[in-house]
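No gaps in the numbering here: position 26 of the sequence shown is 19 in our numbering, and each next residue is one more.
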Amino acid sequence: MLVSILIVLLILVVILLAVIRQKDFVIENVPKLTVTSPAFKANGTIPVDYTGNGKDSSPELHLSELDERAVSLAIIMDDIDHPLAGVYNHWLIWNLPVMDTIPAEIPQGEQVAALNNAVQGMGYGKHRYRGPKPPFGRHRYKYHVFALDKKLDLLASSKKKELLTAMEGHILQYGYLVGEYGK
């Protein structure tokens, strides 16, 4: 009897997870922004310094052919292979100044003074970059970068959904870089 109840509960949990799993998003119908990094190649291995097993610091990102109308930049970094959530957000930062090179090792905190008070939202429950650290296996991590036509008026407590909503209609360019990390 107890085994039957546990099996039914397990089936319900699997069904629930299948229904609520987040999917990776794609921004279409906007010009492409090329995103690269000197730390790793597209679809390459993210070095340990940029992971939770190392210094847990953000990698330098290079942007090519930025639209001259851009007013600010935003970044969302997700684990797109999370076994339960599907996609799990690790980092949000917006109102970055427009620049071809986003520096490595962006400090933690709600506002980053060195980057014109760019705002780090609630990714992974923190106001900071949280690098890859999968519990098992190899996961892919996607660094989404957005060139925007305005600065965003969002609270630092905002999460990915609020950031995506605030960016609607203001994305001039979009690009991403994917890297892998795991055991």
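Even for Gly, the Cβ is constructed at its ideal location relative to N, Cα and C.
- Message: Pop quiz: L59 and A140 are said to be a contact at Cβ under 8 angstroms. What is the actual Cβ separation, rounded to whole angstroms?
- Response: With 8 angstroms as the limit, L59 and A140 qualify as a contact, their Cβ atoms being about 6 angstroms apart.
- Message: Quick check on K135: does DSSP put it in helix, strand or coil?
- Response: If DSSP states are grouped into helix, strand and coil, K135 belongs with the strands.
- How many Å lie between D71 and I164 at the Cα? Between the C-alpha atoms of D71 and I164 there is a straight-line separation of about 19 angstroms.
- Counting only the same chain and skipping the five closest in sequence on each side, list residues whose C-beta sits under 7 angstroms from that of R62. Closer than 7 angstroms at Cβ, skipping near neighbours: D142 and L165.
- Message: So for I73, helix, strand or coil by DSSP?
- Response: When DSSP states are grouped into helix, strand and coil, I73 belongs to the strand group.
- Message: Please report whether the beta-carbon of G116 lies at a distance below 7 angstroms from any beta-carbon of chain D.
- Response: Structure shown: chain D not included; a single protein chain is present.
- Task: Please report the Cβ distance between I69 and L85, rounded to the nearest whole angstrom; I am assuming they are in contact, meaning their Cβ atoms lie under 8 angstroms.
- Result: That belief holds up - the Cβ atoms of I69 and L85 are roughly 6 angstroms apart, short of 8 angstroms.
- Could you spell out where the beta strand (DSSP E) holding E173 opens and where it closes? Counting along the chain, the beta strand (DSSP E) containing E173 begins and ends at I164 to G175.
- Which of helix, strand or coil DSSP assigns to S151: Coil at S151, not helix or strand.
- Message: Ignoring anything shorter than 3 residues, give me the beta strand (DSSP E) runs that lie fully in the stretch 41 to 102, in order along the chain.
- Response: List check, beta strand (DSSP E) in window: 54 to 57, 65 to 75 and 79 to 89.
- Segment contact, 8 angstroms Cβ cut-off, at least three pairs: the stretch 118 to 132 with the stretch 37 to 51: The stretch 118 to 132 vs the stretch 37 to 51: in contact.
- Query: On the three-state DSSP scale, how would you describe M(-6)?
  - Reply: In this structure, DSSP gives M(-6) a state outside helix and strand, which the three-state scheme calls coil.
- Any idea what DSSP makes of L157, helix, strand or coil? DSSP places L157 in helix when its eight states are reduced to three.
- If you drop the 5 nearest sequence neighbours on each side, which residues of the same chain put their C-beta closer than 8 angstroms to that of L156? Cβ-Cβ distances below 8 angstroms link L156 to A67, I69, L85, W87, G114, L145 and L147 in the same chain, with the five nearest sequence neighbours on each side left out; the list follows chain order.
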